[in-house]
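2 protein chains.
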Amino acid sequence: MAIHSINQLLLGSVSAGSEVTIRGWVRSRRDSKAGISFLHVHDGTCFNPLQAVVPSELDNYEEEVLKLCAGCSVVVTGTLVESEGKGQAYEIQATGVDVVGWVDDPETYPVAKKRHTFEYLRTVAHLRPRTNAFGAITRVRTTLSSAIHRYFHEREFNWINTPILTSSDCEGAGEMFRVSTLDMVNPPKTDKGAIDYSKDFFGQETFLTVSGQLNVEAYCLAMSKVYTFGPTFRAENSHTSRHLAEFWMVEPEIAFADLDDDADLAEDFLKYLFKAVLNERSDDMAFFAERINKEAITRLQNVIDNQFVRMDYTEAVTILQNCGKKFEYPVAWGVDLQSEHERFLAEEYVGAPVIIMNYPKDIKAFYMRLNDDNKTVAAMDVLAPGIGEIIGGSQREDRLDVMDARIDATFSGSGEAHKEALWWYRDLRRYGSVPHAGFGLGFERLLNYITGMENVRDAIPFPRTPGNAPF
Amino acid sequence: MAIHSINQLLLGSVSAGSEVTIRGWVRSRRDSKAGISFLHVHDGTCFNPLQAVVPSELDNYEEEVLKLCAGCSVVVTGTLVESEGKGQAYEIQATGVDVVGWVDDPETYPVAKKRHTFEYLRTVAHLRPRTNAFGAITRVRTTLSSAIHRYFHEREFNWINTPILTSSDCEGAGEMFRVSTLDMVNPPKTDKGAIDYSKDFFGQETFLTVSGQLNVEAYCLAMSKVYTFGPTFRAENSHTSRHLAEFWMVEPEIAFADLDDDADLAEDFLKYLFKAVLNERSDDMAFFAERINKEAITRLQNVIDNQFVRMDYTEAVTILQNCGKKFEYPVAWGVDLQSEHERFLAEEYVGAPVIIMNYPKDIKAFYMRLNDDNKTVAAMDVLAPGIGEIIGGSQREDRLDVMDARIDATFSGSGEAHKEALWWYRDLRRYGSVPHAGFGLGFERLLNYITGMENVRDAIPFPRTPGNAPF
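Sequence order for the protein chains is A and B.
Numbering-wise, my numbering puts 1064 at position 406 of the first sequence, and it's gapless, one number per residue.
Numbering-wise, my numbering puts 903 at position 245 of the second sequence, and it's gapless, one number per residue.
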């Protein structure tokens, strides 16, 4: 007997009347007075469960079927028929129900069929993918990942797995975790009493990366179009709904490109991804729009349908200063925009995604290209209604002398040491340097934007936050 | 003027006679006595460079074109014409050559056009993708990654990003790196003088993962078919050509599956990947077969064309004992097979991939399913001619009582503590447990097998090994 996924059956890839077998977990059981049981079975392949209509004539009806509860694993065999109930195209007239695994003590099954808070479900992260919401998040996450790889692969980008372990702490994107195999109780020390990292595994102090950007630039200047898509880390004591200690980031980098090309890529990329999710996971997206955030679908459609507005930072400051709105944080040229400013611009002023470009150099990293005004750098942030910043990027400084001066200014007093540590990164400006640009996209924040979920801890299978690395 | 990748032009996607622009890096320049220069330009999109024929009539011919050397970045504009030379279908009759970036001191350019050893190129890992070999490795790596994601996505697998940071050290796959933000010089200590990890970032001692398997099983028992594809870590002081401290691993996991299903998946998966690389990167594979290992293509074809032979461990031991061959390590039932044994079986005895199944329980992990003989577990290794073990997998123990006994036996004296730490993993056997199975595939070893490269340090962009985490 052919085994099918519930997704294939609900999509109609098997004709009614066929004998089929499905395998999955019971979501619910209902018994009719007429001596028939209705099992809803899910197998993770789509949002909807498949209903199995189980007649009492089955040998194990009394002994087993009537004891089934949410979470039990079963193999159901029978005839696929068109469903007369509404909401479902097909159901199975069961001729056999094999129970594969029972649930110990259904009363205490941690994800029994009822409403659970997302906070509670984080404490049972190993079981939460069995719920409607986390099954849907998992499928959308996969669809989004798949669309990311497909987008880049079709456009001749190479996926570069930049290193997680790094001896470089000069990027400055955030606090770093130290990685070591030294004995913590009696670490080797130098004559001066400092830790002797030359005795550590890598012969020097080593950290978890905060970004693959610097490394991926080396590949950009050989392969033309590249991207990273991997885990990155921040050792920041942030307890907000937007911060994880471990999260995934996408970082494309393109050669022979300036900030406008970078903005073009960001806009095209986001629109492609949103279309892919709406097309490929309409079942899960309908759930998010119904239960999580009623704007979940419409705001993606809004991004797809509208041209992103591009605006200089300087213009944005003027708009914010003259808009008559009272902000918690005052706006002044030279100060970074706050979330309230970003959301005003995207949601109220424009009503569509906005790309703010050319920020003051003093609030941006040394590797961003200095503009001719000598005051701003070719940086951009993409702001989306409903979330604020979703992408941050820049054209990179491709002139060695200008970058060296910026390193000296940024790391005042230790410029030489930083330049020495960055010898290889500076080499890229010595040998066939070209204008190039890229951006970073936080994958879990994007997933939250798509699903309407509010906490990034619910966008990654096993979230890591200060004080929490269970499972 | 339309900008094209060199790959598109060489594939004939633009008709001869078209005006085109390419952007890339000079690989070589040759000047004819007739006052014409030939530039070979690469842009990373395919193995071959495109030849630009540059007439001396260009304004910057004397001043710039005649000074171009390997590594300079250029934008070349001209007419695409069919090439009269052999080996190339097309070339460009240049009407303009813009020099974008020069090479500082061509005499010392680290990857100037000559033969370099792979050892040397590891010291300039930021520039080695500009060489023929590493450009090819990069493209094959991307093609292989892409095929992996496509294979799984088309078969309804979900990609699960299992955590890199873990507080669990009980899997036992290898030595682990500690991750901490504690002050190494004055770490907080408990009354007994031990390090007080309750004060560390995650409130407990934390490590880098050695495998995503345990975590991905939780998702398998909700989504049916899942896989991981991400970085994993080993803090082992191994200086061999097959070991990295940081490497990527692919780990599929399937529900309602036994060891035979697992073997089916491994065989189908490898054949799919090898076909994809041979089809999509024939240019790079031709290079590997010509320059790196003359078997590079034929041995992949051999894997594709042959059915994998399945053999019990017990049978393999008998064959090895009776084959008349002298091995360095003696063979006895209950002892793990060595590389020399594995290669004999795959290369000499069978001449095709072999799957060895059902190993003695005492040499395998606690989570592998105990067979009815009570002596072996449902584990498998896939051995390929020319490399030996390429995949290791197992059916997982799905019976809680049996697994608990195995944990007690494996971690003698600390079984209770391990069971407590594995509470969530054991939960999976309490709630709708099903037979399930999976395997692990080291991505860099697979890439070496495909390309014929011999050191895994050359299969990852920036390799991390004991004493080495530069860049």
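For every residue, glycine included, the Cβ atom is placed at its ideal position computed from N, Cα and C.
**Q.** Reduced DSSP secondary structure (H/G/I, E/B, other) of Ile795(B)
**A.** helix
Q. If we cut at 8 angstroms on Cβ distances, does Tyr1089(B) have a partner in chain A?
A. yes
Q: Taking only beta-carbon positions, decide if Phe860(B) is within less than 8 angstroms of chain A.
A: yes
Q. Going by alpha carbons, who is nearest to Thr679(B) out of Ile822(B), Val739(B), Glu925(B)?
A. Val739(B)
**Q.** Rounded C-alpha distance that separates Gly754(A) from Trp760(A)
**A.** 17 angstroms
Q. By how many angstroms is the C-alpha of Leu724(B) removed from the C-alpha of Pro713(B)?
A. 11 angstroms
Q: Find the residues of chain A that neighbour Met842(B), judging by a C-beta separation of less than 8 angstroms, and give them in chain order.
A: Arg836, Ser838, Leu840, Met842, Pro845, Ile853
**Q.** C-beta atoms of His1094(B) and Asp1056(B) nearer than 8 angstroms
**A.** yes
Q) Taking three-plus beta-carbon pairs below 8 angstroms as touching, is the segment 871-883 of chain B in contact with the segment 804-819 of chain B? A) yes
Q) The beta strand (DSSP E) spanning Ile912(A) covers which residue range? A) 904-913
Q.
Comparing C-alpha positions only, which one of Trp991(B), Ile977(B), Gly1046(B), Phe1024(B) sits nearest to Ala1010(B)?
A. Gly1046(B)
Q: Quick one: list the residues of chain A neighbouring Arg1122(B), beta-carbon separation under 8 angstroms, in chain order.
A: Pro821, Leu823, Phe860
Q) Alpha carbon to alpha carbon, how far is Asp1085(A) from Val699(B)? A) 20 angstroms
Q. Can you tell me whether DSSP reads Ala954(B) as helix, strand or coil?
A. helix
Q. Do Met1026(B) and Arg1001(B) have their CB atoms nearer than 8 angstroms?
A. no
Q | Rounded separation between Thr789(A) and Asp916(B) - CA only | A | 26 angstroms
Q.
Please list, in chain order, the chain A residues whose beta carbon lies closer than 7 angstroms to that of Gly1125(B).
A. Phe860, Gly861
Q) Which chain A residues are close to Val1092(B), counting only those with a beta carbon under 7 angstroms from its beta carbon? A) Ser731, Val758, Gly759
Q) Where in the segment 697-730 of chain A do unbroken runs of the beta strand (DSSP E), each at least 3 residues long, occur, reported from the N-terminal end onward? A) 708-713
Q) Are there 16 or more other CB atoms within 10 angstroms of the CB of Leu1080(B), so buried, or fewer, so exposed? A) buried
Q) Of all Cβ atoms in chain B, is any one closer than 8 angstroms to the Cβ of Leu866(A)? A) yes
Q) With a cut-off of 8 angstroms, does the C-beta of Asp994(B) fall near any C-beta of chain A? A) no
Q | Own chain residues within Cβ distance below 8 angstroms of Phe985(B), not counting five before or after | A | Leu978, Gln996, Glu998, His999, Phe1002
(Q) My assumption, with CB atoms under 8 angstroms, is that Thr775(A) sits in contact with Ile822(A). Please give the rounded CB distance. (A) 33 angstroms between Cβ atoms; not a contact.
Q | Residue range of the alpha helix (DSSP H) that includes Trp683(B) | A | No alpha helix (DSSP H) holds Trp683(B); the beta strand (DSSP E) holding it covers 677-689.
Q) Just by C-beta distance, which residues in the segment 799-823 of chain B are closer than 7 angstroms to chain A? A) Thr800, Ser803, Ser804, His807, His811, Glu814, Asn816, Trp817, Ile818, Asn819, Thr820, Pro821, Ile822, Leu823
**Q.** Same chain, Cβ closer than 7 angstroms to Phe865(A), five either side skipped, listed in chain order
**A.** Thr824, Asp827, Met834, Phe835, Arg836, Val837
Q: Put Thr1032(B) into one of helix, strand or coil per three-state DSSP.
A: Checking the sequence, you will find Asn at residue 1032(B) rather than Thr. If DSSP states are grouped into helix, strand and coil, Asn1032(B) belongs with coil.
**Q.** Endpoints, the beta strand (DSSP E) within which Tyr1017(B) is located
**A.** 1012-1018
Q | Arg654(B) burial status per 10 Å Cβ neighbour count (16 or more: buried) | A | Since the displayed chain B opens at 659 and closes at 1129, residue 654(B) lies outside it and no answer follows.
Q. For Met994(A), does the three-state DSSP call read helix, strand or coil?
A. Correcting the residue type first, residue 994(A) is Asp in the shown sequence and not Met. Reduced to three states, the DSSP call for Asp994(A) is coil.
Q) Under 8 angstroms between C-beta atoms, does Met881(B) make it to chain A? A) yes
Q) From this set, His811(B), Thr737(B), Thr800(B), which residue's C-alpha is nearest Arg813(A)'s C-alpha? A) Thr800(B)
Q) Under 8 angstroms between C-beta atoms, does Glu1078(A) make it to chain B? A) no
Q: Have a look at Val798(B), Met969(B), Arg797(B), Val908(B) and flag the residue whose alpha-carbon is nearest the alpha-carbon of Tyr1007(B).
A: Met969(B)
Q.
Spatial neighbours of Phe891(A) within its chain, please: C-beta separation below 6 angstroms, excluding the five flanking residues on both sides.
A. Phe835, Leu866, Glu904
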